[in-house]
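In mature numbering (1 follows the signal peptide of the UniProt record, and there is no 0), the protein residues as written are -20 to -1, 1 to 188.
Written out as structure tokens, the structure is:
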């Protein structure tokens, strides 16, 4: 009975892939938190704090209790990043554990175990931070303008981090060339660029 219940609960949780947002797993999704060693839980919290700081750059609110697996992660703008989309975050650690428990509970039923592992791979698959920010880098644009005197240097700050731009224009008798270079990062609350595709593929796999 417990096997069927554990299996059903895990697959029921996976059904959230049909919706646009990925489920955020937490300690309440685990069978028994005490089945996880203190060292492993401490390691999870260490990864969680690192991911939170990287996403919020850094996070003013960043706590994780390894005994209860309760955590807080808020960026300076008051928003919480989508931790469930990234590896080494607590929601991802717990997600993997949930489906490992599903697999263990289905011992003796090869089809059920395979389903548990397939769901784990689709529901708990996460982007590492370096891939999530692959598109956030330097962009350079050039434009031709009418003769003008030297323009000013401007800097702007966004809510998700910092973006600075320097514009230099030299005047000439004919035309002047303006080059703009900027560094920016994706908003910490947004899902990574691969997140939507991953959700779509996972949802299709679940429906089939």
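Virtual Cβ for every residue (Gly too), placed ideally from N, Cα, C. All values reported here derive from a predicted model rather than from experimental measurement.
Using DSSP with H/G/I as helix, E/B as strand and the rest coil, what is residue 48?
Locating residue 48 in the chain shown gives position 68, where the first residue counts as 1. In this structure, residue 48 counts as coil in the three-state DSSP scheme.
Are the beta-carbon atoms of residue 53 and residue 24 separated by less than 9 Å?
Here residue 53 is taken as the residue at index 73 of the chain shown, counted from 1. Here residue 24 is taken as the residue at index 44 of the chain shown, counted from 1. The answer is no: Cβ separation not under 9 Å.
Quick one: residues in its chain with C-beta nearer than 8 Å to the C-beta of residue 13, no 5 flanking neighbours on either side, listed in chain order?
Position 33 of the chain shown, counted from the first residue, corresponds to residue 13. Around residue 13: 7, 21, 48 and 49.
For chain C, find out if any of its Cβ atoms is closer than 9 Å to the Cβ of residue 22; answer yes or no.
Chain labels in this structure do not include chain C; a single protein chain is all it has.
Under three-state DSSP, which class holds residue 41?
Looking up residue 41 in the chain shown gives position 61. Here residue 41 sits in strand by DSSP.
Do residue 99 and residue 189 come within 9 Å of each other at the CB atom, strictly closer than that value?
Shown here, the chain extends from -20 to 188; a query on residue 189 therefore has no answer.
For residue 2 and residue 93, which I take to be in contact (beta-carbon distance under 8 Å), what is that distance rounded to the nearest angstrom?
The residue you call residue 2 lines up with position 22 of the chain shown. The residue you call residue 93 lines up with position 113 of the chain shown. With 8 Å as the limit, residue 2 and residue 93 do not qualify as a contact, their Cβ atoms being about 23 Å apart.
Would the beta-carbon of residue 87 fall within 9 Å of that of residue 10?
Within the chain shown, the letter at position 107 stands for residue 87. Within the chain shown, the letter at position 30 stands for residue 10. Against a cut-off of 9 Å, the Cβ pair of residue 10 and residue 87 comes out as no contact.
In the DSSP assignment, the alpha helix (DSSP H) including residue 22 goes from what residue to what residue?
Walking along the chain shown from the start, residue 22 turns up at place 42. Per DSSP, the unbroken alpha helix (DSSP H) holding residue 22 starts and ends at 18 to 36.
Which class does residue 54 belong to by DSSP, given the choice of helix, strand or coil?
On the chain shown, position 74 is the one that residue 54 refers to. The answer is strand: DSSP assigns residue 54 an E or B state.
Can you give the Cα-Cα distance for residue 139 and residue 40, rounded to whole angstroms?
Counted from its first residue, the chain shown places residue 139 at position 159. Counted from its first residue, the chain shown places residue 40 at position 60. Because the pLDDT of residue 139 is 37, which lies under 50, any placement of that residue in the model is unreliable, and the question is left without a value.
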